[in-house]
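This report refers to the structure that appears directly beneath it.
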Amino acid sequence: MDAKQHLESLRSSLNEIFDQSLINRGNIGSSHYYSSCIYDFAQNIASDDERKILETVAAQIESAALISAFGLYRQAFASLRLALEMGLGAVYFSIHRLELNEWQDGKADIKWSQLIDDERGVLSKRFADAFFKGLADESRLQKEAASRVYRKLSEFVHGNYETWRPEGLTLSYQQELDSEYELLCKAVFDIIMFSLCCRYLKSMNAEELDTMSFIEVELGHIAPIREALGGPKDL
Amino acid sequence: MAFYLRTESIKSEEIMDLSVINASDESTIAALISPEPCLIEGSRGTGKSFLMRVAEQRIEMHSNQSLSVFISFNISSLVTTNDPLQFYHWMLAKSLKGLINKLRKKGLTVSPFAASLLSNDEFSKESDVEKDLKKIVRRFEDSYRGSNEVEISNLPDIEDVKEAIEDICSANNLSRIYFFFDEAAHVFRPDQQRQFFSLFKDLRSPFITCNAAIYPGVTYFGDSFEPNHDCTYKRIERGIFEPDYLQYFRDIVNKQADDNLKKAIDVQESVFNCLALSSGGNPRILLRTIQDLEKVNSSSANKEIKAFYRGKIWAEHTELGEKYAGHKSIVDWGRDFLESQVIPAIEAYNDSRRSNNSEEATIFFWIHKDCPASVKEALRLLTYTGIIRKVDSSVRATRSQLGARYEVKYGCVLSSDSSPTAESASFFSKISLKKFPEFGKNHPAYSDVRDIETHILTDQQYLSALQSMLQKPVDVLPLLTEWQKDKLKSANIFTIEQLHLNSEEDLIESIYGVGPARARTIKNAATAELLEYLSG
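So the sequences go chain by chain: A and B. Letter by letter, the first sequence follows residues 1 to 235 in the working numbering. Letter by letter, the second sequence follows residues 1 to 536 in the working numbering.
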């Protein structure tokens with residue numbers, strides 16, 4: 001078998017996995033939906049900088065959807081992790097312009113520890129109190145979820161021993177990892193969308209809010225967000 | 001421990017785990033799932049939204065051929081308009097946007113962004129379905145948003161919308177789309193409610209089913225909609241005399257309770273039963289009173305029953321009067337009538353039976369069919385919060401006179417006892433539907449209400465209520481700082497209306513120190529107040 005035949009054989013395996021993913025996946029549209037929601041939210045943000053970062057986040061989720069369907073789970077998890085970092089990064093940079101410029105100049109990186117820092121992070125009480133009073137309690141829960149999800153995604157990026165089991169090295173459809181991808185993709189979306197709402201919702205007018213019916217569908221269970229959209233108050 | 005007191009606070013994936021469904025609920029859910037349109041009526045907190053959520057999930061779990069779209073008319077961007085059609089178009093646009101979102105979520109359409117992202121040539125191929133719907137939505141939005149005059153005759157009509165929905169069904173092998181309208185009539189003023197029911201009827205098609213939740217007492221259907229003919233009409237009434245009542249409510253609480261609370265309830269079963277009966281069939285009230293207990297024991301429960309059923313329960317009813325200024329006098333009269341006439345009459349009735357060692361008690365009262373219309377109106381409004389419930393409307397009382405029989409919420413009657421938990425079991429066993437104090441057609445208590453003109457929530461009253469709210473000073477806006485209020489006053493902006501009429505640009509221009517961010521914050525404070533008013 002030459003290299004060309006070898007690659008063709010891999011392509012054939014990928015196609016088989018792809019077909020199986022489409023059959024087995026609960027909802028093949030969810031990743032596209034999450035990506036579209038983030039993109040639509042970004043269109044209501046005035047700053048070009050944050051908007052562009054969020055468009056990249058949406059693109060990362062789209063990429064993750066595609067490569068996970070081909071069974072390239074490790075790469076899909078890496079894309080999700082990048083989406084999570086950049087999604088929270090966009091919110092972080094919206095209030096730290098100096099660091100934004102340094103990052104754009106290639107002089108600084110997005111640091112996860114900074115994003116979820118208790119004092120300066122985007123899921124801190126201080127941040128919620130400043131931009132969306134009433135979300136501090138929920139921010140704490142989201143921060144815990146973000147740490148959990150990030151750790152899980154990092155296991156595949158950094159190569160924790162158990163993620164390198166022999167069966168993980170061959171191309172094959174893996175129900176467990178496929179389901180894990182769906183769960184983690186939703187979790188990444190929930191955390192990003194929450195932090196976007198925390199940062200921007202209060203500064204948006206009724207017309208802008210009206211373009212995003214998905215917020216109520218996805219985050220309406222969080223009382224302060226529901227109330228900000230004109231929904232019924234918690235008792 | 002904290003319970004979910006509102007369905008809106010429950011994540012959709014948790015709904016089925018928390019559901020407790022009895023035979024009556026099954027019948028309501030079956031009506032919601034059937035192709036026939038359905039209205040479910042129930043007082044606040046009786047579980048209308050929850051049952052609609054269960055029906056929504058069952059529809060999608062059982063078939064790939066149906067889609068359910070949940071619409072909450074919480075946000076009204078139309079404060080007031082001279083054109084009734086604009087509101088109709090606003091509702092249609094909101095419903096279609098909900099549908100577009102659901103189609104995306106289910107993977108039946110892909111947004112143009114997603115489609116173009118990893119492929120160079122997909123942008124032009126934006127899904128026709130989504131494009132068609134978006135086009136219709138955009139034209140509706142232009143008609144009620146834009147300052148430009150839009151020729152109504154050029155707008156898509158309801159048949160275009162139905163056709164677009166039928167196309168979606170054909171393209172995706174869907175047999176039906178269900179719309180669930182929550183809080184349907186609650187947030188609307190009467191003319192808007194009539195528009196809503198007109199839309200509800202107009203959307204009828206072999207591919208569309210509309211369901212909605214409504215409140216008793218404050219819903220206006222309009223002339224074109226006949227609830228008994230145009231839909232299946234279900235009332236949610238969880239009667240305290242039903243044989244499965246206590247177990248049903250125990251199951252509801254157990255679904256959310258932790259182990260400690262479950263154990264405490266097992267030990268204090270009679271206390272739980274007293275609280276469950278007191279709620280008069282209202283899950284939210286039961287959960288709320290249990291949540292507020294210091295401990296699950298008689299002394300805490302007695303304290304809570306007295307505090308809640310003598311005081312807190314009236315808050316929602318009183319708010320109704322505040323929402324509609326023109327309506328306030330009749331709302332307040334209803335409360336006075338119940339507190340100072342009806343409940344004391346029931347107590348006197350029960351006391352006299354008790355002193356005679358009679359095994360009879362009541363929580364019912366009877367009102368003559370020819371009592372003043374304003375009395376009927378006041379009673380109707382009391383059913384909104386569920387403090388009373390109309391049992392039947394043609395019951396013969398003394399001298400064979402005809403009238404309506406009402407049930408007062410059990411807790412409201414029991415709360416006047418010195419120890420409700422000790423009295424409850426014996427009291428409950430004596431209650432008879434056939435025993436009730438009577439209020440004739442000229443009862444002296446009506447004298448105060450005769451002068452109050454029969455109030456219906458007219459547009460005029462709505463506007464006058466809105467006007468009174470707009471005239472309030474900016475000082476009442478809780479979202480503004482003192483500095484911002486002072487700055488507004490220095491720019492001759494004293495009332496909410498004056499603030500509402502100034503654009504963000506006006507504020508930036510006329511107030512030193514106010515830039516785009518502050519102008520937005522200040523404007524949002526006024527908008528939040530308007531929204532709160534509209535949402536109730």
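Glycine is no exception: its CB is placed at the ideal position from the N, C-alpha and C atoms. Only a predicted model underlies this, so the values are computations on that prediction, with no experimental measurement involved.
query, result
"Cβ shell of S19 (chain B) (< 6 Å), same chain only, five flanking positions each side left out", "V54"
"Rounded straight-line distance, which links the Cα of Y181 (chain A) to that of V188 (chain A)", "10 Å"
"Cutoff 8 Å: Y181 (chain A) Cβ touching any chain B Cβ", "no"
"Opening and closing residue of the alpha helix (DSSP H) in which F194 (chain A) lies", "Q175 to Y200"
"For L5 (chain B) and R288 (chain B), believed in contact at Cβ under 8 Å, the rounded distance", "6 Å"
"N-terminal and C-terminal residue of the alpha helix (DSSP H) that R44 (chain B) is part of", "Taken as a continuous stretch (DSSP letters only), R44 (chain B) belongs to no alpha helix (DSSP H), as it is neither H nor E."
"Cutoff 8 Å: A134 (chain A) Cβ touching any chain B Cβ", "According to the sequence displayed, residue 134 (chain A) carries Gly and not Ala. Not one chain B Cβ lies under 8 Å of G134 (chain A)."
"Cβ contact (3+ pairs, closer than 8 Å) linking the region 472-481 of chain B and the region 509-518 of chain B", "no"
"Closest residue to F494 (chain B) among B:E504, B:L477 and B:E505 (Cα-Cα distance)", "B:L477"
"Element boundaries [beta strand (DSSP E), containing I71 (chain B)]", "S66 to S72"
"Sequence-distant residues of the same chain with beta carbon closer than 6 Å to F77 (chain A), five excluded per side", "L153 and F156"
"C-alpha distance - S13 (chain A) paired with A108 (chain A), whole-angstrom precision", "40 Å"
"Proximity test, Cβ basis, 8 Å: A30 (chain B) and chain A", "no"
"Classification of I17 (chain A) by the beta-carbon crowding that lies within 10 angstroms, buried from 16 upward", "buried"
"Own chain residues within Cβ distance below 6 Å of S36 (chain A), not counting five before or after", "none"
"Separation of S394 (chain B) from K135 (chain B), as counted between CA atoms", "53 Å"
"Distance CB(G280 (chain B))-CB(G386 (chain B)) smaller than 8 Å", "yes"
"G89 (chain A) at chain B interface by Cβ criterion, 8 Å", "no"
"H96 (chain A) - DSSP class collapsed to helix/strand/coil", "coil"
"Per-residue DSSP class, three states only, for K105 (chain B)", "helix"
"Secondary structure of E226 (chain B), DSSP reduced to three states", "coil"
"Selection of the region 22-53 of chain B by Cβ proximity to chain A, strictly under 7 Å", "none"
"CB-CB length for Y233 (chain B) against R44 (chain B), believed under 8 Å", "Incorrect: roughly 19 Å between the Cβ atoms, too far for contact."
"Within chain B, partners of H32 (chain A) - CB distance below 8 Å", "R104, G107, V110, S111 and A114"
"Alpha-carbon spacing of D191 (chain B) relative to C198 (chain A), whole angstroms", "36 Å"
"Inter-stretch contact at 8 Å, needing at least 3 Cβ pairs: the region 81-94 of chain A / the region 203-210 of chain A", "no"
"Where V217 (chain A) falls: helix, strand or coil (DSSP)", "helix"
"Within chain A, partners of E183 (chain B) - CB distance below 8 Å", "P232"
"Environment of G311 (chain B) [buried if 16+ CB atoms lie within 10 Å]", "exposed"
"Contact belief for A526 (chain B) with I496 (chain B) at Cβ below 8 Å, rounded distance in angstroms", "6 Å"
"Beta-carbon proximity check, V149 (chain A) vs I191 (chain A), cutoff 8 Å", "yes"
"L379 (chain B) beta carbon less than 8 Å from that of G334 (chain B)", "yes"
"Residues sharing a beta bridge with V395 (chain B), DSSP", "B:G403"
"R25 (chain A): first and last residue of the uninterrupted alpha helix (DSSP H) it sits in", "Element bounds for R25 (chain A): n/a, residue is neither H nor E."
"Proximal residues to N502 (chain B) (C-beta, below 7 Å), its chain only, five neighbours per side dropped", "I493"
"Contact the region 15-31 of chain B vs the region 260-269 of chain B: 3+ CB pairs below 8 Å", "no"
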